[in-house]
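Inspection log for the structure reproduced underneath, given as structure tokens.
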Amino acid sequence: MPWVPFYSDLCTRIYVETMWYKRHEGPCSKPRQCLNCKGPHDSENVFCPARNMSGVIKWVNSFILDRTAKIRLDGTTSNIFQIQSGLPQGSPASPILFLLYMEPVLRLSRGRFGYADDILTLETAKTLEECGQKLQASLNQTLQWGYENGVQFESTKTELQYFHNKRKYTESPLMTENTLIQANDSTR
């Protein structure tokens, strides 16, 4: 997985903490007040994640804060410098943190799927015009989410493909801020 720059490490930490507490409303929403977490069966006591979340948050903070690096090129090594953002490439935790960060974009609407650092949007409609409008709206929604969350999408790697039984028909292209995305006959 390629190195993924985030808008800021602070945003990443705030996001992880906020999403955790949003998803665990109820008796376990405040770690220090969590007295009893029961599982699906009344007699089954299970792990209470909210109580133990502070350790995970500390671990994430230590993973992305106060990191340093140096560059070696042609036998010359730079001085050590602070890394301001991003996740370490090659770390087993980086893909997990990346997926946690990106998961909300997949829930913006139905028909979104994710694999590694790719997002697929599937739309259906009675006409190609309507399908193109839905795809453009979905793309705009995704780009807006990215803007609000400090994620940039590579528009030159964005692909568009329509599946239909029309022989002669012009398929609607999609438009990002500065790139026109034409439909392909096939995708990689």
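Under UniProt numbering, the first residue of the sequence shown carries the number 1, and numbering increases by one thereafter.
Note that CB positions come from ideal geometry on N, CA and C, so glycine has one too.
Here the structure is a predicted model, which means the values were calculated and not measured.
Note to self: Using DSSP's beta-bridge definition, name the partner residues of PHE81.
What the structure shows: Looking at the DSSP output, PHE81 sits in a beta bridge with ALA69.
Notebook entry, point to check: In or out: SER138 buried (at least 16 other Cβ within 10 Å) or exposed?
Noted result: SER138 is buried by the Cβ-count criterion.
Checklist line | Coil, strand or helix - TYR162 by DSSP | finding: In the three-state reduction of the DSSP assignment, TYR162 falls in the coil class, being assigned neither a helical nor a strand state.
Item checked: Neighbour-count burial assignment, GLY132, 16 or more Cβ in a 10 Å radius -> Burial call: buried.
Notebook entry, point to check: CB THR156 to CB VAL105, shorter than 8 angstroms?
Noted result: 8 angstroms or more divides the Cβ of THR156 from the Cβ of VAL105.
Check: Which value, in whole angstroms, describes the spacing of the CA atoms of LEU65 and PRO173?
Finding: Each residue's alpha carbon lies about 41 angstroms from the other.
Margin query: Judging by CA-CA distance, which residue of ALA116, LYS126 and TYR101 is the nearest neighbour of TRP145?
Written below: Per the Cα distances, TYR101.
Item checked: Own chain partners of GLU148 with C-beta closer than 8 angstroms, once the 5 adjacent residues on each side are dropped -> Taken in chain order, the list of residues that qualify is empty.
Checklist line | Rounded straight-line distance, which links the Cα of ALA93 to that of THR121 | finding: Rounded to whole angstroms, THR121 to ALA93 spans 26 angstroms at the Cα level.
Item checked: Beta-carbon proximity list for ILE71, same chain, < 6 angstroms, skipping 5 on both sides -> Here the set comprises SER78.
Next item on the list: Go through its chain and collect everything with a Cβ distance to ASN178's Cβ below 8 angstroms, but skip five positions before and after it.
Entry: Contacts found: SER155.
Check: Count the other CB atoms within 10 Å of the CB of LYS30; is the residue buried (16 or more) or exposed (fewer)?
Finding: Its pLDDT being 33, under 50, LYS30 is placed unreliably in this model, and the value from its coordinates should be taken loosely. An exposed status is given to LYS30, since fewer than 16 other beta-carbon atoms sit within 10 Å of its beta-carbon.
Checklist line | Where residue 266 sits in the DSSP three-state scheme | finding: In the structure as shown, the chain starts at 1 and stops at 188, and residue 266 therefore has no counterpart that could be examined.
Check: Should LEU99 and VAL60 be called a contact, given that it needs their Cβ atoms to be closer than 8 angstroms?
Finding: The answer is no: Cβ separation not under 8 angstroms.
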